[in-house]
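Asker:
2 protein chains.
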Amino acid sequence: MFIYQKIKSLVVDPDGIYYLGPKGSFSHEVALKIQGENYVEQDSISSVFAAVNKNNGIGVVPIENNREGPVNDTLDNLFHEDEIYINKEIEMPIRLVLAGSSYTKITSETKVYSHNHAIQEAKRTLQKLGITRVIPVDSTSRAAILAKEENALAICSEFAAKIYGLKVIKSDIQDGINITKFAVISNNITLEGDRSVVLFTVPHKPGGLFRVLQSFYERNINLTMIYSRPLKEIPWRYYFYLEYEGRYMDELMQSMKSNVEEIKFKGSFSFLYDNARF
Amino acid sequence: MFIYQKIKSLVVDPDGIYYLGPKGSFSHEVALKIQGENYVEQDSISSVFAAVNKNNGIGVVPIENNREGPVNDTLDNLFHEDEIYINKEIEMPIRLVLAGSSYTKITSETKVYSHNHAIQEAKRTLQKLGITRVIPVDSTSRAAILAKEENALAICSEFAAKIYGLKVIKSDIQDGINITKFAVISNNITLEGDRSVVLFTVPHKPGGLFRVLQSFYERNINLTMIYSRPLKEIPWRYYFYLEYEGRYMDELMQSMKSNVEEIKFKGSFSFLYDNARF
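The listed protein sequences derive, respectively, from chains A and B.
Residue 224 in the working numbering sits at position 192 of the first sequence; the count goes up by one each step and never skips.
Residue 50 in the working numbering sits at position 18 of the second sequence; the count goes up by one each step and never skips.
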């Protein structure tokens, strides 16, 4: 409950909370933890960023998964949208259920819809149940919508099953550990918290990245995430996405500035764990 | 022609050249530049790695695109398959055509199939031609197969159009710069060439990555690509994929070894440009 309180205190009457849809998505589930009145689904990560910009709202997007790595669209939008900052990160375990309409019996004809990643993770359960007709779709919430068909099931979240009126047949069917980090974004920068994100480009010469990392090493700061992403129009040139333990420090920024070409500080914020993980 | 000669000299009677299919894919086009007799399509990157291992063959897989970034499946397989090495990298411009059966006339009913990335890149051309019925499929070669339907077109490579007997209606319809790097892989390590790849993990403490990069900085070695990828079963821990200018150096390896937890050298090799780029 402690975490829920903390998130509530973040919100100051936003003009909408925009999340990556469709309804019933994991982003939707995270968005509902934020106090608000107007929850609006968007069909892409770029649309969430655009809606936040346009309406001075709050956005919820996935940023990293422990199996798949970074969510490229989120990183690229953070780099290109200068007026959007990270206000919170929320870690959420991806728990999957098998669900269908209440009269579905599993037979050799039963179809199962899900996102390809979820299918991979539920492989063992599907084998045990003798299910072989598996149809990949673009999200687990889309799967829940399609599971309303006759003799069809979905691998989705318990939340999506509830939203679309499906009955849960089997819970926790995922193999292994699967956690997604979500970012809460807005046009307001925050400078307090235990995590910070900074994006930058370095000169293309020996030691380019090394010199930037030196600023962190000399201050004994731990990096929690570093990804490189292509600049697209200039082949084989990159920007870096770096998350570190600690808050904004003017002196650290000054030290970095002497070794970067471009630098964008994206905020200091709290890193929250979803209760359900423990 | 110089490049083609070079690639020929690479091959010593392999037991099959395995590429990411379907037939007509860009990997297929690259595979055909390698002299051989037995070209075999595979339905996933992991299958290419498995086939190379099983048959002591040669594999062709995409490794990086200047817009999309790294091809995660290729990086992860290189990290997990200890006996597979990179023998060449080949850079290929992704040029797209609009193609269909010879009697297709563009009307408001005309469907266009393609991979989502290719659709994005051909947006302006589609607008000019007044085409609005666009159907995303999982590859440009799959699009070429589907374009055999009545009143359908594909956005695909000229090569795919040729393989599937389509007529090219418009060439070079891509916007912007789009280049993919492909890796030629096998069970044999090569130690000569102007590029090298090494994969490693670092201790999770301040300066972990910094100390490894120091080995390169002190030797004035330029990094051409560095990506981090999750270790999956241990959340928020990573391995690094690093490509540098230069060949294998025993002394550099020794220097790195004192600062890494795990290290896998994946070979030194030539970096080739496809002629068509110039």
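Heads up, the beta-carbon is just placed ideally off N, CA and C, and yes, glycines get one too.
1. Give me, in chain order, the residues of the same chain whose beta-carbon lies closer than 6 Å to that of B/G48; leave out the 5 immediate sequence neighbours on both sides.
2. Could you please tell me which residues of the region 261-287 of chain A, in chain order, have their CB closer than 7 Å to any CB of chain B?
3. Strictly below 8 Å CB to CB, what residues from chain B border A/L241?
4. Rounded to whole angstroms, what's the CA-CA distance from B/F242 to B/F191? Just pull it up for me.
5. Quick one: does A/Y209 have its CB under 8 Å from some CB of chain B?
6. Please report the Cβ distance between B/A163 and B/I138, rounded to the nearest whole angstrom; I am assuming they are in contact, meaning their Cβ atoms lie under 8 Å.
7. Look up A/G32 in the DSSP assignment and give the residues it is bridged to.
8. Examine chain B for any beta-carbon lying closer than 8 Å to the beta-carbon of A/F301, and answer yes or no.
9. Can you give the beta carbon distance from B/A154 to B/I205, rounded, assuming they're within the 8 Å contact cut?
10. Closer than 7 Å, Cβ to any Cβ of chain B: which residues of the region 68-92 of chain A, in chain order?
11. By the three-class DSSP mapping on this structure, what secondary structure does A/M285 have?
12. List the residues of chain A whose Cβ lies closer than 7 Å to the Cβ of B/R99, in chain order.
13. Using the Cα positions of A/L158 and A/T222, report the straight-line distance between them to the nearest angstrom.
14. Considering only the beta carbon of each residue, do A/Y145 and A/V92 sit closer than 8 Å?
15. Is the beta carbon of A/S146 within less than 7 Å of some heavy atom of the ligand MG?
16. Given a limit of 9 Å on CB to CB distance, which residues of the region 217-240 of chain B reach chain A?
17. Run through DSSP, which three-state label would A/L161 get?
18. Restricting to runs no shorter than 3 residues, where is the beta strand (DSSP E) found entirely within the region 183-270 of chain B?
19. Does the CB of B/N109 have a neighbour CB from chain A at under 8 Å?
20. Mapping the DSSP letters down to three states, classify A/L128 as helix, strand or coil.
21. Spatial neighbours of A/N97 within its chain, please: C-beta separation below 6 Å, excluding the five flanking residues on both sides.
22. For a contact meaning CB atoms closer than 7 Å, what does B/Y249 contact in chain A?
23. Cα separation between B/F297 and B/L231?
24. Name the DSSP beta bridge partners of A/K120, please?
25. Kindly list, in the order they appear in chain B, the residues whose Cβ is closer than 8 Å to that of A/N104.
26. Starting from A/K86 and walking both ways along the alpha helix (DSSP H), at which residues does that stretch end?
27. Within this structure, are the beta carbons of B/E115 and B/N252 separated by less than 8 Å?
28. Taking the beta carbon of B/E61 as the centre, do at least 16 other beta carbons fall within 10 Å, making it buried, or is it exposed?
29. Once the 5 residues before and after B/I295 are set aside, which same chain residues still bring their CB inside 7 Å of it?
30. Does DSSP put B/Q67 in a helix, in a strand, or in coil?
31. Using a Cβ cut-off of 8 Å (strictly closer), state whether B/N252 contacts chain A.
32. Mind checking A/I266: buried by the 16 CB within 10 Å criterion, or exposed?
33. Decide if B/D282 is buried, meaning its Cβ has at least 16 other Cβ atoms within 10 Å, or exposed.
34. Can you name the residues that DSSP bridges to B/I138?
35. Quick one: grab the DSSP three-state call for B/E73.
Answerer: For this structure:
1. Here residue 48 of chain B refers to the residue found at position 16 when the second sequence is read from its first residue. Excluding residues within five positions, the ones whose Cβ falls inside 6 Å are N70, V72, N87 and G89.
2. R261, P262, K264, E265, P267 and W268
3. Here residue 241 of chain A corresponds to residue number 209 of the first sequence, with the count starting at 1. Per Cβ cutoff of 8 Å: L245, L255 and I258.
4. Within the second sequence, the letter at position 210 stands for residue 242 of chain B. Within the second sequence, the letter at position 159 stands for residue 191 of chain B. Cα to Cα, the separation comes out at about 44 Å.
5. In the first sequence, counting from the first residue as 1, residue 209 of chain A sits at position 177. Reading off the sequence shown, one finds Ile at residue 209 of chain A, where the question assumed Tyr. So, interface residue.
6. Along the second sequence, one-based indexing puts residue 163 of chain B at 131. Along the second sequence, one-based indexing puts residue 138 of chain B at 106. Checking the displayed sequence, the identity of residue 163 of chain B turns out to be Ile instead of Ala. With a Cβ gap of about 7 Å, B/I163 and B/I138 count as contacting.
7. Summary: the structure shown does not reach residue 32 of chain A, with chain A confined to residues 33 through 310, and so no result is reported for it.
8. If you number the first sequence from 1, residue 301 of chain A lands on position 269. False, the Cβ-Cβ gap to chain B never drops below 8 Å.
9. For the purposes of this step, residue 154 of chain B is taken as residue 122 along the second sequence, with counting starting at 1. For the purposes of this step, residue 205 of chain B is taken as residue 173 along the second sequence, with counting starting at 1. About 5 Å separates the two Cβ atoms, so the contact holds.
10. none
11. As a position in the first sequence, residue 285 of chain A is number 253, starting the count at 1. Helix at A/M285.
12. Locating residue 99 of chain B in the second sequence gives position 67, counting from the first residue. Ordered by position in chain A, the residues that pass the 7 Å Cβ test against B/R99 are P262 and K264.
13. Reading the first sequence from its first residue, position 126 is the one you call residue 158 of chain A. Reading the first sequence from its first residue, position 190 is the one you call residue 222 of chain A. About 45 Å.
14. Residue numbering aside, residue 145 of chain A sits at position 113 when the first sequence is read from its first letter. Residue numbering aside, residue 92 of chain A sits at position 60 when the first sequence is read from its first letter. Cβ atoms of A/Y145 and A/V92: not closer than 8 Å.
15. For the ligand MG, the structure offers nothing, since it holds no ligand at all.
16. Near chain A, meaning a CB-to-CB distance below 9 Å, the residues of the region 217-240 of chain B are H236, K237, P238, G239 and G240.
17. Walking along the first sequence from the start, residue 161 of chain A turns up at place 129. Assignment of A/L161 by DSSP, reduced to helix, strand and coil, places it in the coil class.
18. Runs of the beta strand (DSSP E) inside the region 183-270 of chain B: 184-188, 199-202, 211-218, 227-233 and 255-262.
19. Position 77 of the second sequence, counting from 1, holds the residue named residue 109 of chain B. Residue contact check for B/N109 against chain A: no CB pair falls below 8 Å.
20. Numbered from its first residue, the first sequence carries residue 128 of chain A at position 96. Of the three classes helix, strand and coil, the one that applies to A/L128 here is coil, per DSSP.
21. Locating residue 97 of chain A in the first sequence gives position 65, counting from the first residue. These residues qualify, in order along the chain: T212.
22. Within the second sequence, residue 249 of chain B is the residue found at index 217, counting from 1. Simply P238, G239 and F242.
23. For the purposes of this step, residue 297 of chain B is taken as the residue at position 265 of the second sequence. For the purposes of this step, residue 231 of chain B is taken as the residue at position 199 of the second sequence. Those two C-alpha atoms are separated by around 6 Å.
24. Sequence index remark: in the first sequence, residue 120 of chain A carries index 88 (1-based). DSSP links A/K120 through a beta bridge to A/V216 and A/S302.
25. To locate residue 104 of chain A, count along the first sequence from 1; it is residue 72. The contacting residues are E100 and G101.
26. Within the first sequence, the letter at position 54 stands for residue 86 of chain A. Run containing A/K86: I77 to N87, per the alpha helix (DSSP H) assignment.
27. Here residue 115 of chain B refers to the residue found at position 83 when the second sequence is read from its first residue. Here residue 252 of chain B refers to the residue found at position 220 when the second sequence is read from its first residue. No, the pair does not count as a contact, with Cβ atoms beyond the cut-off.
28. As a working mapping, residue 61 of chain B is identified with position 29 in the second sequence. Buried: at least 16 other Cβ atoms inside 10 Å.
29. Residue numbering aside, residue 295 of chain B sits at position 263 when the second sequence is read from its first letter. So the qualifying residues of the chain are V230, F232, M288 and K289.
30. Residue mapping note: residue 67 of chain B aligns to position 35 of the second sequence, counting from 1. In the structure shown, B/Q67 sits in coil (DSSP, three-state: anything other than H, G, I, E or B).
31. On the second sequence, position 220 is the one that residue 252 of chain B refers to. Yes, contact with chain A.
32. As a position in the first sequence, residue 266 of chain A is number 234, starting the count at 1. Label assigned to A/I266: exposed.
33. Here residue 282 of chain B refers to the residue found at position 250 of the second sequence. By the neighbour-count rule (16 or more Cβ atoms within 10 Å), B/D282 is not buried but exposed.
34. By 1-based counting over the second sequence, the position of residue 138 of chain B is 106. According to DSSP, which records beta bridges pairwise, B/I138 is partnered with nothing at all.
35. Translated into the one-based positions of the second sequence, residue 73 of chain B becomes position 41. It is a strand residue.
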